[in-house]
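Undergrad:
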Ligand code: BTN
């Protein structure tokens, strides 16, 4: 895959810039990278802490021939790509895991997140924007309390600075390789790194709290939870405790 990397000093969200360019007809492979985001966003309406000059905030424009029910594969590929990239920094794989659905954890703390936003024409996927936030050198002293409690960065975990450009190059190379395997399903690889399965979970799904044991992930990315009342298939939500 050919990447066209566009860098911006500051944006609201790289997702917004990528979407504007997608609407203008930009081809697949466009990558919007920002040094700072003033309104970086995550899943379930969360903000993404995006201070200037410390970490990687990027959005990739994709136009895959993918059935709308398989869009979650892009999130899986994004999370796996982050693991591929980080393990090249000689970080033991055992310290890295994926928490359903889109969280990459380092020693149990959130290191990176993936956000996919898609646009459809009739029933067909027109484009998808895959956003990645990777806490490379983030310092959390000024971060909101909630972020300080749960997040980490490579710098914080290993006590040294990491090169963001090297991380970006590795990320894009890893993404190209994983994306090139479509239409093969990334599910088995994804499950191989998922820390959520077989464990008791508490999920926040809209207004509802679902508790039980995470038993499997469906092909479309839904998490199946065995609750006291039987199996529940959760398509959208967040694991709030394991
Ligand atoms: C999550 O963990 O909920 C997803 C976080 C995704 C953050 C990235 S940073 C680059 C891109 N721009 C955004 O506003 N969000 C994504």
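Numbering (our numbering), first residue to last: 3 to 244. Just so it is clear, CB atoms sit at the ideal spot from N, CA and C, and this is done for glycine as well. The model shown is predicted, which means the values in this text are computed figures rather than measured ones.
#1: For the alpha helix (DSSP H) containing residue 149, name the first residue and the last one.
#2: From the DSSP secondary-structure annotation, give me the bridge partner or partners of residue 228.
#3: Strictly by DSSP, which residues pair up with residue 6?
#4: Going by DSSP in three states, residue 119 sits in which element: helix, strand or coil?
#5: In the DSSP output, what is residue 206 paired with across the bridge?
#6: By DSSP's criteria, residue 131 is part of a beta bridge. Which residues make up the other side?
#7: For a quick check, are the C-beta atoms of residue 237 and residue 216 less than 9 angstroms apart?
#8: Are residue 12 and residue 174 closer than 9 angstroms when you measure CB to CB?
#9: For residue 199, which of helix, strand or coil comes out of DSSP?
#10: Under 9 angstroms, do residue 181 and residue 29 count as touching if we go by C-beta distance?
#11: Can you tell me whether residue 74 is helix, strand or coil according to DSSP?
#12: Report the option in 169, 220, 130 whose CA atom is closest to the CA atom of residue 103.
#13: Identify, in the order they occur along the chain, each residue of the same chain with its Cβ nearer than 7 angstroms to the Cβ of residue 3, setting aside the five sequence neighbours on each side.
#14: Would you tell me roughly how many angstroms separate the C-alpha atoms of residue 16 and residue 137, rounded to the nearest one?
#15: Pull up the CB-CB distance for residue 163 and residue 139, whole angstroms please, since I reckon it's below 8 angstroms.
#16: Whose C-beta lies closer than 6 angstroms to the C-beta of residue 78 among residues of the same chain, with five residues either side of it excluded?
#17: Just checking my contact of residue 14 with residue 41 at CB under 8 angstroms: how many whole Å lie between their CB atoms?
#18: Confirm the yes/no value for this check: CB of residue 134, any heavy atom of the ligand BTN, distance under 8 angstroms.
#19: Please name the residue or residues paired with residue 39 in a DSSP beta bridge.
TA: Reading it off the structure:
#1: For residue 149, the uninterrupted alpha helix (DSSP H) run begins and ends at 147–152, by DSSP.
#2: Answer is 215, 233.
#3: In the DSSP output, where bridge partners are listed per residue, residue 6 has 32.
#4: In the displayed model, residue 119 falls within a strand according to three-state DSSP.
#5: Answer is 211, 240, bridged to residue 206.
#6: The partner list for residue 131 (beta bridge, DSSP) reads 63, 119.
#7: The Cβ atoms of residue 237 and residue 216 lie no closer than 9 angstroms to each other.
#8: Residue 12 places its beta carbon 9 angstroms or farther from that of residue 174.
#9: Of the three classes helix, strand and coil, the one that applies to residue 199 here is coil, per DSSP.
#10: No, Cβ-Cβ distance for residue 181 and residue 29 is not below 9 angstroms.
#11: Residue 74: helix per DSSP, three-state reduction.
#12: Restricting attention to 169, 220, 130, the CA atom closest to the CA of residue 103 is found in 220.
#13: Once the five neighbours on either side are set aside, the close Cβ partners of residue 3 are 31, 178, 181, 182.
#14: So the alpha carbons of these two residues sit roughly 15 angstroms apart.
#15: Contact between residue 163 and residue 139 holds, with the beta-carbon distance rounding to 5 angstroms and staying under 8 angstroms.
#16: Taken in chain order, the residues that qualify are 188, 192.
#17: Separation of the CB atoms of residue 14 and residue 41 is rounded to 4 angstroms, and the pair is thereby assigned contact status at 8 angstroms.
#18: Using a cutoff of 8 angstroms, the CB of residue 134 counts as near the ligand BTN, since one of the ligand's heavy atoms is closer than that.
#19: According to DSSP, which records beta bridges pairwise, residue 39 is partnered with 13.
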